[in-house]
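Here the structure is laid out as structure tokens; the discussion comes afterwards.
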Ligand SMILES: Cc1cc2nc3c(=O)[nH]c(=O)nc-3n(C[C@H](O)[C@H](O)[C@H](O)COP(=O)(O)O)c2cc1C
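Here it is in structure tokens:
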């Protein structure tokens with residue numbers, strides 16, 4: 545599997561500690577630009593991105609959410625919202641795909657990020673960014689220049705997650 549694109553995918557990590565160095569807004573906008581090209585059901589693109597750079601607001605966000613320590617050293621946070629009305633049967637999937645494209649674009653530009661869980665605090669997050677109730681906050685990214693280089697986390701083996709033709713049928717010789 546030596547191919548530049550595959551290598552880049554395999555090198556992405558969740559980065560939770562960031563340097564005290566500014567992140568240009570243009571870089572964040574470039575990553576959003578890339579996320580616009582994520583696929584979506586019927587090309588409805590039911591996603592929005594709220595960029596949070598104010599240091600006091602980043603602190604407040606860190607207090608609001610569990611497992612959000614990365615926000616204490618992040619220079620930027622981006623909240624990915626999904627519009628339920630624009631794609632009632634696919635908004636979560638579509639916005640998650642855009643979120644993943646966004647994360648990968650940051651990674652390709654050398655920025656570090658981690659996805660912080662949003663679904664325990666839907667109403668608080670909507671209020672935090674003044675978004676209407678027909679949105680769901682799908683992902684919050686803490687972003688900055690990486691100050692750590694984590695090893696890859698353990699993954700399930702291919703044979704544990706892949707079957708041929710029917711569920712439970714071993715991939716046998718192909719594994
Ligand atoms: C939906 C989702 C929610 C996550 N929530 C958190 C979180 O709240 N805090 C955190 O530090 N990491 C969070 N993560 C990051 C995961 O812990 C991480 O992706 C996983 O351990 C694999 O590590 P890797 O991203 O470095 O490959 C989340 C990831 C996803 C996809």
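Residue numbers (the working numbering): 545 to 719.
Quick reminder that beta carbons are idealized off the backbone N, C-alpha and C, glycines included.
Predicted, not measured: the structure shown is a model, and the values here were computed from it.
Between the region 702-719 and the region 665-674, the count of Cβ pairs shorter than 8 angstroms is below three; the stretches do not touch.
Two segments are said to touch when three or more pairs of C-beta atoms, one from each, lie closer than 8 angstroms; by this definition the region 633-641 does not touch the region 593-610.
Taking a C-beta distance under 9 angstroms as the contact criterion, residue 623 and residue 669 qualify as a contact pair. Between the beta-carbon of residue 562 and that of residue 613 there is about 11 angstroms, and that puts the pair past the 8 angstroms contact cut. Beta-bridge analysis with DSSP links residue 625 to 592, 681. In the three-state DSSP reduction, residue 659 falls in the strand class (E or B). Contact holds between the region 688-698 and the region 550-569, because three or more Cβ pairs, one in each stretch, are under 8 angstroms apart.
Under the 10 Å beta carbon count, residue 630 is surrounded by 16 or more other beta carbons and is classified as buried. If you check the C-beta of residue 612 against ligand 1, you find a heavy atom less than 8 angstroms away. Per the DSSP secondary-structure output, residue 646 pairs with nothing in a beta bridge. Residue state for residue 690 is assigned as strand, using DSSP reduced to three classes.
Across the structure, residue 593 and residue 640 are spaced so that their CA atoms are roughly 12 angstroms apart.
One Cα belongs to residue 696, the other to residue 558, and the distance between them is close to 9 angstroms. Spatial neighbours of residue 628 in its own chain (CB-CB distance under 6 angstroms, excluding positions within 5 residues in sequence) are listed in chain order as 635, 678.
With a cutoff of 9 angstroms on beta-carbon distance, residue 621 and residue 580 are scored as not near each other.
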